[in-house]
Structure formats: C-alpha cells, structure tokens
Amino acid sequence: MATQIGRERLLAHFRTMARIRAFEETAERLYNEKRIPGFVHLSSGQEAIPAGVCANLAAEDRLTSTHRGHGHTIARGGDIQAMMLELFGRQGGSCGGKGGSMHIADMRIGMLGANGVVAAGLPIAVGAAHAAKLAGEPRVVACFFGDGAVNRGPFLESLNWAAVHRLPVLFVCEDNRWSATTPTRLTTAGPGIAARAEALGVPACAVDGNDVAAVDYLAGELVASVRAGGGPRLLLAATYRWSGHTSADAGAYRDPAEVARAKTDDPLRRAARALGGLGVAAEELAAIESDVAAELAHAVQLAERAPFPDPAALYTDVQDIGAPTARVPA
Amino acid sequence: MSRMSFVEATRQALAAEMRRDGRIFVLGEDLGRGGVFQQYRGLQAEFGPARVVDTPISESAIMGVAVGAAMCGARPVVEMRYLDFTLCAVDELVNQAAKLRYMLGGQARVPMVVRQPIGLWANCAAQHSQSLEAWWVHVPGLVVLCPGDPADAGPMLAAAIRADDPVVLLEYKELFPVEGEVGDPTLPAEIGRARLVRPGSDLTLVAWGGSVREAAGAAELLAARGISAEVIDLRSLWPWDSAAVLASVARTGHLLVAQEATEVAGFGAEIAALVAEETGARVARIGAPRTPIPFSPALEAAYRVDAARIAARAAAFLARHR
Ligand SMILES: Cc1ncc(C[n+]2csc(CCOP(=O)(O)OP(=O)(O)O)c2C)c(N)n1
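Chains as they are written, first to last, in our numbering: chain A, 1 to 330; chain B, 1001 to 1322.
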C-alpha cells in the first residue's frame, strides 16, 4: 500500500469493512435460509469505497445510495440493529419495515436513502446540495452510484446541474464492471466515465477502489475541494462485485476464473496486510472480526424475535392531507 | 392442448413471431441472459444480438428508440423489466408513442409492444411492485392488454406484436411460473374479448391479470355460502369488452370489480361507472388501499386484495342490496 496512512485510521477502516463484510455475508445466509423476505443486493468486495469515502464526511454532511446500499449506511455509522430489523421487515427497522433492504435510510446520520431505481440518487444528492447552498449551510453531499447508472439521463442532468451551480457534491462511481447480468463495457461507449464527467464540467479522479488507504486519501482531497466551494468532483473507484446481482442470482453468466481472480484482490485482506506492516498483530485483527461476528449474531437474534409491524401501520406516513384509511366493506 | 407455464407460452409466441417477421426486434436490459423472468431465454442464441438487443440502462432511450424505429418500418418489442421503470420513459410512451399518429395527421404509425411485468412479487416493496394499468388506459392512442391465464399469454403477445398501434402488455409477475392448459400459444388472440372463467347467477365478478385467480378463489368461497358468482377475465383493458360485462350484469344484477391496483381512480371505477350508467345495476369495487406498497410481509398481508377479501366484500355488498 503506497499511500501513507496512520495505524489508527487504517484500523478504523478495517473495522468498518469487516462490519460491512459480516453484514453482507449474514444477509446472504439469511436469504438462502429463507429467513428474510425479498431480495438483497450485496456489496461484498466493494467495502473499501464506502469506508474510505465516509471517513471524510463530517457530521453535518449527507449521502445518497443505491440498491446496493448496506455498505454506505454502515460506513456512515448507521445502526446495524435497525438495518437488520428492516431486512426482517420488523418493528424498529430503519424504515419501520416499510422499505426493506433496497430502501434503507437514516436521516439522523444524513443518509437520504438507498434507492430501487438506478441513477435516482444523483438528482436527489444534487438537490440536497442545492438546499444546503440556499440555506448557507456548509454541508457536503456524497453521492454513490454504480457504473451502470452513467447510461441514464439523470447522470448527465445531475452532473451538469451540480457544475452549473458549483454545488458541494462528491459523486462516487463504484465501478464493479457489471450492470446486473451485463458487463457494463458492452453497453457503454466513449472514453469512459471520468471523461464523461470532465465533459460536463466535473473534474474526475480514478482510484483503485479496493485500496482503502488510496480511496481515503483521494476522497479526502476531493471532499476538501468540494467543501472549499470548488464545485462538484467525481471519484471513479474500480472494484468488483463478488456475488450475483441479487441474492437470488448465482451469477452463472460470469467466468468463474474472473470471479476467482477478483476475489484474490480482497480489500479487507489488503488492509490486513498493510496493518501487519504497521506492526498490528494478527490477533488484534482476529479480535475485531470476532467482535463484529458477535455483533451481527446478536442483531439477527433480536431481529428474528422482534414483532412484525402492526397492520395499522400500513396507513401511516402516507400523507397528512387526505391520508388513507381502511375502507369498511359495504 | 398441453401443459405449459405462462412464461414458456410467451417465449414460444415471441419466437414464432420473430421467425415469421424479420422486422421484429426486442430491446431491453439483460435480455441476452434471458431477462429477469426468463421471458427471453434462448432467444438471443436463435436470433442474434442484433434482434435481441442488450441495451444500456437507459429507459428513455429504449422507449424512444423503439418509437423512432416503429415509425420507420421496424416492429420493436420493448422490455421494461418492471412496470415501475416505465416511469423513467413516460414522455416517450405518453407524449410520443401514443400521440404521434394523431398529431401527424395519420402520416405515421407506431407499431410497438411495451412489455411491463406488473404487480406484487416476492416482497419487492414500493418501487418494484406497482399496478398502474389505469395510467395507460387513460392515455388515448394506447392499447392495453393484461392476460390472466397461461392460455392467453402467448396469443395476447402475438396479437400485440401484429397490432399496428402501440400496445402496452401487462404481465403479472406472479403468473409467469404458473402452469395451465395451453392451446397453440402462437395463435394471435382477438383483442378486446373478455373470457368467461366461471358462470354464475347472483353477482358478476370482473377481474384481470393476477386478480383473476383471486376472483375465481372468491367465487369458490362464495359458493360455499350459497352465493353464485360469475367470474369474467377482462384480458384486454383497452379496448375492453363492455358487451360481455353488460350482458352478464343484465342477468346477475350486481357487479363487483376486483383489482390489485389502488382502488381510488383505478380502472375498476371506469367499469363500475359504465355499468351503472348503462344498466342501473348495483356496482361495487375492491382494490388496494391508497398507500405505497409496503415491504414487510405483515403489512403486505394487510394490503393485498386476495380471494378472502374479495369474497367478504361481495357478501357484504349483496347483503346490503338484496
Ligand atoms: C431505472 C432502472 N432500470 C433498471 C433497473 C434494474 N436494475 C437494478 S440494479 C441494475 C444494475 C445496476 O448496475 P450498476 O449501476 O452498475 O450498479 P451495481 O448493481 O453494479 O451496483 C439494474 C439494471 C432499476 N433498478 N432501475
């Protein structure tokens, strides 16, 4: 790991990534054991990006996420217990059981939401930044999206808008090379995502997205420029999606050799090796991983025993004026 | 007749149409791997990537490209993956495809099919489960089809492809794996004809898509209570078979329309209104509450319009008006 990073900071990244990995592996197992409803989109292998980016956000900053959003919420300091309850569709879940994995949000930490619609988070992030600018609040917005999202119109419209208004947005493209079951390169023309951003007036930097120290360093530089009023920036982080598109997808359309090769470039193991070089004992890392495993096991245990929402909750939080009520059959 | 799943019937119908007419091409995301519900399995191998196009995630472009191609002699079949993502392409569908023929004084036609997997499925929550058929029925220029049985799946797709109008084809996700007795799935259906699912004398139950099974289940429950319900599968929402519905209600005197969609301003309201206007018969509707679709199974159970709810509504309705 070429980038200079302090031992404590890297240890913190390791813990964040371990929590994301454990959450994803737990979610996958729960899905396979048919203990949670719906589907989950897993981000195993991509943990370094949210860890490195979110470490550079301040308390007042905000973020938007995607369908593959667990890592963003966890790296931002989201409540793992509430997330687990949401996966189970129970009371106390991040969204009271109404949203599920694909809609987890936590406004207390400025997490404006995962999203079921590809590229939908981009204009929302720009709107959050626009509001901050209007209010004169010094907030930065981190906007996560996948490589597949750059072929939707909102990508162009959002980057252009953010540049026109010099808004404080850090766009973070997590390039895991796949758009569901299609390699993104087969559906994407031109000189690449960074060049597209530059053409829209948004300076872009590329980074090895599996190197948490490098992501942290570059994100730090970019967030600083954004915060200083320099307008939006884009961070293009190269990584790989280890699992299928959803938990229901075995990913059989991929060359197993490609997946195996990608898995040798494990962001967690890379951080562990670098920590070893900084004199951290293997036992210390193992202790972190077992802490995290215990945290997840506890979260699952509580979530599975938690009550389902009261059916009356179906009707709450729809709207104030003209709120729906159960129709009495007649 | 053979036993076949809904989705297999659509695959056979599409392949037969593509063999027959070289102008037909399909465009949508991930079609080379078969599509989300395996509607396109094997088709890229047979017809090649130029006729089964793996598109970027670009819904406006998918729909808009189909409009342009259709105006110029191609016969595009658009796959929207989930009905919900059509909302990323509404301008192209509503402002362009639906109106071009009219606005251009009849100079051009837009013969395209827009396949939209619709409805509740696997707790996919508020952005992947909607039933918005009423939106499309409301738009002049669009034909709207919604098969409710494996036997109709292929023929309605074939008919949609052969139509010279833009056709929205709504396919209930929960029906894709359902098997049934299927005739020749490649034989185009007659658009605009309802299907009698079950005869009855006390009440006419009208449904479409995924609600047909629920309505049939409700009729079963009602029979056990001595109520004879006639069940009609509308199949085609625009044009819809008002003659069949009016004839049935003329005999039963009571109409209940059951839909999975939000009850308020749903297509059921249109049917009920027309029947009331034409016959003076008693009419009622049942649909989902006007809430977004919840994730938790506990809340979805409170949301879903199932056979038991339809039966309860029917019994209460008859008790009040008989
Ligand atoms: C507008 C829209 N179109 C299609 C989909 C279906 N879909 C969900 S995720 C996905 C692939 C997204 O790829 P990418 O943006 O690279 O993110 P990744 O899944 O790789 O994290 C697709 C096509 C969707 N959710 N929204």
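Ideal Cβ placement from N, Cα and C applies to all residues, glycine included. Remember, it's a predicted structure, so these values are computed and weren't measured experimentally.
Since Leu218(A) and Val207(A) are thought to touch, with beta carbons under 8 Å apart, how far apart are those beta carbons, to the nearest angstrom?
Working through the first sequence from its first residue, we reach residue 218(A) at position 218. Working through the first sequence from its first residue, we reach residue 207(A) at position 207. With a Cβ gap of about 5 Å, Leu218(A) and Val207(A) count as contacting.
Considering only C-alpha positions, which residue in the set Glu1190(B), Val1110(B) and Val1212(B) is nearest to Asp1241(B)?
Stepping through the second sequence from its first residue, residue 1241(B) is reached at position 241. Ranking Glu1190(B), Val1110(B) and Val1212(B) by Cα distance to Asp1241(B) puts Glu1190(B) first.
Partners in chain B for Ser179(A), counting only beta-carbon separations shorter than 7 Å:
For the purposes of this step, residue 179(A) is taken as residue 179 along the first sequence, with counting starting at 1. What Ser179(A) touches in chain B: Ile1057.
Taking only the alpha-carbon atoms, compute the straight-line gap between Ala330(A) and Ala1316(B) and give it to the nearest angstrom.
Residue numbering aside, residue 330(A) sits at position 330 when the first sequence is read from its first letter. Residue numbering aside, residue 1316(B) sits at position 316 when the second sequence is read from its first letter. Model confidence at Ala330(A) stands at a pLDDT of 47, short of 50, so the residue's coordinates are unreliable; what they give is reported in the following sentence. Cα to Cα, Ala330(A) sits roughly 5 Å from Ala1316(B).
Status (buried if at least 16 other CB within 10 Å, exposed otherwise) for His70(A):
The sequence position of residue 70(A) within the first sequence is 70, counting from 1. A buried status is given to His70(A), since no fewer than 16 other beta-carbon atoms sit within 10 Å of its beta-carbon.
The beta strand (DSSP E) spanning Met1004(B) covers which residue range?
As a position in the second sequence, residue 1004(B) is number 4, starting the count at 1. Residues Ser1002 to Ser1005.
For Gln319(A), collect the residues of the same chain with a Cβ closer than 8 Å to its Cβ; drop the 5 residues on either side in sequence, then sort them by chain order.
Here residue 319(A) refers to the residue found at position 319 of the first sequence. There are no such residues.
Note down the Cα distance separating Leu234(A) from Pro1177(B), rounded to an integer number of angstroms.
On the first sequence, residue 234(A) is found 234 positions in, with the first residue counted as 1. On the second sequence, residue 1177(B) is found 177 positions in, with the first residue counted as 1. Approximately 43 Å, taken between the alpha carbons.
Pick helix, strand or coil for Ala142(A), following the three-state DSSP scheme.
In the first sequence, counting from the first residue as 1, residue 142(A) sits at position 142. DSSP places Ala142(A) in strand when its eight states are reduced to three.
Close Cβ partners of Val1304(B) (< 8 Å) along its chain, the five nearest in sequence each way excluded:
Sequence index remark: in the second sequence, residue 1304(B) carries index 304 (1-based). Checking the sequence, you will find Arg at residue 1304(B) rather than Val. These residues qualify, in order along the chain: Leu1120, Glu1260 and Ala1288.
Less than 8 Å between the beta carbons of Leu1104(B) and Trp1238(B), yes or no?
Residue 1104(B) sits at position 104 when you count from the first residue of the second sequence. Residue 1238(B) sits at position 238 when you count from the first residue of the second sequence. Inclusion of Leu1104(B) and Trp1238(B) in the CB contact set at 8 Å is not warranted, their separation being larger than that value.
Any C-beta of chain A sitting closer than 8 Å to the C-beta of Leu1299(B)?
Here residue 1299(B) refers to the residue found at position 299 of the second sequence. Cβ-Cβ to chain A under 8 Å: yes for Leu1299(B).
Assuming the contact rule is C-beta atoms closer than 8 Å, Phe155(A) and Val172(A) should be a hit. Round their C-beta distance to whole Å, please.
Against the first sequence, residue 155(A) aligns to sequence position 155. Against the first sequence, residue 172(A) aligns to sequence position 172. The pair is not a contact, with the Cβ atoms about 13 Å apart (cut-off 8 Å).
What in chain B is Cβ-close to Tyr217(A), meaning under 7 Å?
Against the first sequence, residue 217(A) aligns to sequence position 217. Neighbours of Tyr217(A) on chain B: none; closest Cβ ~31 Å, over 7 Å.
Taking just the CA atoms, how far does Ala1319(B) sit from Leu1255(B)?
Here the question's residue 1255(B) lines up with position 255 in the second sequence. Here the question's residue 1319(B) lines up with position 319 in the second sequence. Taking the straight line joining both Cα atoms gives about 13 Å.
Whose Cβ in chain A lies nearer than 7 Å to the Cβ of Asn1123(B)?
Within the second sequence, the letter at position 123 stands for residue 1123(B). Ordered by position in chain A, the residues that pass the 7 Å Cβ test against Asn1123(B) are Pro37, Gly38 and Gly100.
Taking the straight line between their C-alpha atoms, what separation do you get for Gly148(A) and Leu1087(B)?
Against the first sequence, residue 148(A) aligns to sequence position 148. Against the second sequence, residue 1087(B) aligns to sequence position 87. Whole-angstrom Cα-Cα distance: 18 Å.
Gly93(A), DSSP secondary structure in three states:
Position 93 of the first sequence holds residue 93(A). Coil, per DSSP.
Buried or exposed by the 16-neighbour rule on C-beta atoms within 10 Å, applied to Thr1010(B)
Position 10 of the second sequence, counted from the first residue, corresponds to residue 1010(B). The residue is buried, with at least 16 neighbouring Cβ atoms inside 10 Å.
Could you give the DSSP three-state label for Val212(A): helix, strand or coil?
By 1-based counting over the first sequence, the position of residue 212(A) is 212. Val212(A) falls in the helix class under three-state DSSP.
Every unbroken alpha helix (DSSP H) inside the region 172-224 of chain A [4 residues or more]:
193-199
Taking any Cβ of chain A, which residues in the region 1014-1046 of chain B have a Cβ under 8 Å from it, in chain order?
Answer in chain order: Glu1029, Asp1030, Gly1032 and Arg1033.
Ligand 1 and Val53(A): does any heavy atom of the ligand fall closer than 7 Å to the residue's C-beta?
In the first sequence, residue 53(A) corresponds to position 53, counting from 1. No, the Cβ of Val53(A) stays beyond 7 Å of every heavy atom of ligand 1.
Following the continuous beta strand (DSSP E) through Arg62(A), name the residue where it begins and the one where it ends.
The count along the first sequence starts at 1 and reaches residue 62(A) at position 62. Note, Arg62(A): beta strand (DSSP E), Arg62 to Thr64.
Can you confirm whether the region 1058-1071 of chain B touches the region 1091-1098 of chain B when touching is taken to mean that 3 or more C-beta pairs between the two stretches lie within less than 8 Å?
yes
Using beta carbons (cut-off 8 Å, strictly below), is Ala326(A) in contact with chain B?
The count along the first sequence starts at 1 and reaches residue 326(A) at position 326. True, the Cβ-Cβ gap to chain B drops below 8 Å.
Is Phe155(A) a contact residue of ligand 1, with contact defined as CB to any heavy atom under 7 Å?
By one-based count along the first sequence, residue 155(A) stands at place 155. For ligand 1, not one heavy atom lies less than 7 Å from the Cβ of Phe155(A).
Could you tell me the alpha carbon to alpha carbon distance between Ser1248(B) and Ala1194(B), rounded to whole angstroms?
On the second sequence, residue 1248(B) is found 248 positions in, with the first residue counted as 1. On the second sequence, residue 1194(B) is found 194 positions in, with the first residue counted as 1. If I take the Cα positions, the gap works out to 11 Å.
State yes or no: is the beta carbon of Tyr253(A) nearer than 8 Å to at least one beta carbon in chain B?
Here residue 253(A) is taken as the residue at index 253 of the first sequence, counted from 1. By this cut-off, Tyr253(A) is an interface position.
Any beta-carbon of chain A closer than 8 Å to the one on Arg1322(B)?
Position 322 of the second sequence, counting from 1, holds the residue named residue 1322(B). So no, Arg1322(B) is outside the interface.
Going by the C-beta, is Gly146(A) closer than 7 Å to any heavy atom of ligand 1?
For the purposes of this step, residue 146(A) is taken as the residue at position 146 of the first sequence. Within the cutoff, so yes.
C-beta atoms of Gly1180(B) and Ala1219(B) nearer than 8 Å
On the second sequence, residue 1180(B) is found 180 positions in, with the first residue counted as 1. On the second sequence, residue 1219(B) is found 219 positions in, with the first residue counted as 1. Result no, Cβ atoms of Gly1180(B) and Ala1219(B) do not sit closer than 8 Å.
With a 10 Å radius around its C-beta and 16 neighbouring C-beta atoms as the bar for buried, classify Met102(A) as buried or exposed.
What you label residue 102(A) is simply residue 102 of the first sequence in a count that begins at 1. So Met102(A) counts as buried.
May I ask you to report which of helix, strand or coil DSSP gives Leu1299(B)?
By 1-based counting over the second sequence, the position of residue 1299(B) is 299. Assignment of Leu1299(B) by DSSP, reduced to helix, strand and coil, places it in the helix class.
Counting only beta-carbon atoms, is Thr187(A) nearer than 8 Å to chain B?
By one-based count along the first sequence, residue 187(A) stands at place 187. Output row for Thr187(A): interface = yes.
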